[in-house]
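Number of protein chains: 2
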Amino acid sequence: MAERKRADARRNERTLLDAAAEAFVTSGVHVPVREVAARAGVGVGTIYRHFPTRADLIVAVYRHQVEACAEAGPTLLATGLSPHAALARWIDMFVDFLVTKHGLAEALQGDATFASLHAYFLDRLVPVCGQLLAAAAEAGEIVSDMDPLTLMRGVGNLCVGADSPGYDARRMVALVVAGLRIDRV
Amino acid sequence: MAERKRADARRNERTLLDAAAEAFVTSGVHVPVREVAARAGVGVGTIYRHFPTRADLIVAVYRHQVEACAEAGPTLLATGLSPHAALARWIDMFVDFLVTKHGLAEALQGDATFASLHAYFLDRLVPVCGQLLAAAAEAGEIVSDMDPLTLMRGVGNLCVGADSPGYDARRMVALVVAGLRIDRV
DNA sequence: AACCATACGGAACCGTGTTCCGTTTACCAA
DNA sequence: TTGGTAAACGGAACACGGTTCCGTATGGTT
Chain C
1 MAERKRADAR
11 RNERTLLDAA
21 AEAFVTSGVH
31 VPVREVAARA
41 GVGVGTIYRH
51 FPTRADLIVA
61 VYRHQVEACA
71 EAGPTLLATG
81 LSPHAALARW
91 IDMFVDFLVT
101 KHGLAEALQG
111 DATFASLHAY
121 FLDRLVPVCG
131 QLLAAAAEAG
141 EIVSDMDPLT
151 LMRGVGNLCV
161 GADSPGYDAR
171 RMVALVVAGL
181 RIDRV
Chain A
1 MAERKRADAR
11 RNERTLLDAA
21 AEAFVTSGVH
31 VPVREVAARA
41 GVGVGTIYRH
51 FPTRADLIVA
61 VYRHQVEACA
71 EAGPTLLATG
81 LSPHAALARW
91 IDMFVDFLVT
101 KHGLAEALQG
111 DATFASLHAY
121 FLDRLVPVCG
131 QLLAAAAEAG
141 EIVSDMDPLT
151 LMRGVGNLCV
161 GADSPGYDAR
171 RMVALVVAGL
181 RIDRV
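Line by line, the protein sequences give chains C and A. Take 1 as the starting number for the first sequence in full-length UniProt numbering and just add one per residue. Take 1 as the starting number for the second sequence in full-length UniProt numbering and just add one per residue.
Below, the structure written as structure tokens:
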């Protein structure tokens with residue numbers, strides 16, 4: 001039995017996702033709920049009926065891209081690149097994703113209000129990261145005791161404020177990736 | 001001409017600093033202003049008269065420790081340690097400082113409300129970090145093009161959520177420090 | 001003792017996430 | 001076509017945290 005929703009409800013959900021995506025691009029992920037509602041031409045109540053919390057709205061908007069990122073892990077491993085190179089590429093993808101979504105890295109942090117966002121990203125991506133780490137460790141290219149959760153959270157943290165002048169998040173991530181190599185002290 | 005303040009004002013400033021320090025320890029840096037006021041037995045207006053913004057209160061509470069950290073840089077360089085080791089120790093000190101102050105790393109981030117906090121930390125510590133980096137680069141131990149501002153902000157970012165289970169901020173910082181070494185790929 | 005600049009307390013204000021509830025509407029059945 | 005009803009809606013109201021404002025109290029000085 002498929003969930004039968006009223007036509008207006010389905011329409012509004014669509015409209016809201018579009019409006020939110022647009023608002024996130026122009027004003028960043030921190031755009032007030034009221035503004036998304038206004039942009040979509042609905043009341044705030046409607047947003048909360050469809051998305052119980054701000055975080056759920058954000059998750060819904062970015063779900064596709066998170067899935068794509070998750071699926072890219074195995075794909076990269078299968079390309080014949082060295083596992084360490086595959087890991088580096090995959091992390092690059094993740095960083096690209098975060099730094100191009102203004103405010104997303106910030107929202108990804110512990111903040112209790114974004115708990116479900118945090119949880120979704122980690123649930124989906126940590127296992128993939130774990131595969132890549134394991135493959136690279138197996139190949140003897142990197143240290144064998146790196147925890148994927150720590151790595152994902154660390155990389156996410158490094159992307160906070162990635163757009164502010166004078167801070168180069170990618171450089172920091174590159175240091176981390178270099179630091180994983182086993183031939184270092 | 002020394003700034004002549006009324007006795008009650010001086011007394012309250014003291015009381016407020018003590019109350020804030022205590023509150024930060026027990027409830028974290030994010031403790032509401034009203035709670036600090038209540039703990040000090042004063043009204044919120046009094047806090048704002050002494051510290052124009054939350055960030056200024058935080059700066060005042062931690063000023064001593066930031067100064068100590070800043071002064072430790074040259075000291076470490078003078079101890080005869082290799083510059084890279086001195087840099088590593090200094091970063092450890094900074095990390096210790098951040099992770100033991102619940103919520104401080106979070107507050108240190110771009111958040112506009114904490115602008116003065118952010119500015120104070122960076123103004124004071126980036127030059128010190130620059131000295132250590134330069135010495136290590138000069139000695140040929142690390143890459144020569146690392147920007148101290150990026151490094152400080154990155155390390156600060158890595159300390160966000162340092163107390164949450166499953167995340168190991170120190171490990172991430174260690175990767176960064178390892179990644180700086182010049183003998184790596 | 002009187003005066004007044006300084007300092008105080010805390011109510012009020014603003015912005016933002018979230019909840020609540022009276023009203024509207026899509027859908028189905030008669 | 002017309003009701004009837006459960007689903008959905010809009011937006012006022014609430015919670016909460018930072019900050020401002022202003023009438024009141026008081027330390028210090030004359």
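Glycine included, every Cβ here is placed at the ideal spot set by N, Cα and C.
Taking C-beta to C-beta, are A/Ala70 and A/Val160 nearer than 8 angstroms? no
Evaluate A/Ala78 with the Cβ neighbour count: other Cβ atoms within 10 Å of its Cβ, from every protein chain shown; 16 or more gives buried, anything less gives exposed. Exposed.
Applying the criterion that 16 or more other CB atoms from any shown protein chain within 10 Å of the CB defines a buried residue, is A/Thr113 buried or exposed? exposed
Using a Cβ-Cβ cutoff of 8 angstroms, what residues of the region 78–103 of chain A are near chain C? List them in chain order. none
My understanding is that A/Ala162 touches A/Ala107, with C-beta atoms under 8 angstroms, so please give their C-beta distance in whole angstroms. Actually they do not touch by this definition, with Cβ atoms about 13 angstroms apart.
State the start and end residues of the unbroken alpha helix (DSSP H) segment that holds A/Gln65. Arg54 to Leu77
Are the CB atoms of A/Glu141 and A/Arg181 within a distance shorter than 8 angstroms? Yes, Cβ-Cβ distance for A/Arg181 and A/Glu141 is below 8 angstroms.
When the Cα atoms are used, what is the spatial distance from C/Phe24 to C/Leu17? 10 angstroms
Is there a C-beta anywhere in chain A that falls below 8 angstroms from the one on C/Val185? With a pLDDT of 45 at C/Val185, under the threshold of 50, the predicted position of this residue should be treated as unreliable, though the coordinate-derived value follows. Yes, C/Val185 counts as interfacial toward chain A.
To be precise: take each residue of the region 129–160 of chain C, compare its Cβ to all Cβ atoms of chain A, and keep it if any distance is under 7 angstroms. Which residues remain? Of all residues in the region 129–160 of chain C, those with a C-beta nearer than 7 angstroms to a C-beta of chain A are Asp147, Leu149, Thr150, Arg153, Gly154, Asn157, Leu158 and Val160, reading in chain order.
Checking contacts by CB at 8 angstroms: is C/Gly110 closer than that to chain A? yes
Please state whether the Cβ-Cβ distance between C/Ala55 and C/Leu117 is less than 8 angstroms. Their beta carbons are under 8 angstroms apart, which means C/Ala55 touches C/Leu117 by this criterion.
On the CB-based measure, 16 or more other CB atoms within 10 Å of its CB, does A/Thr150 come out buried or exposed? buried
Give the DSSP-derived three-state secondary structure of C/Ile47 in the structure shown. helix
By the three-class DSSP mapping on this structure, what secondary structure does A/Ile91 have? Looking at A/Ile91 - three-state DSSP - the assignment turns out to be helix.
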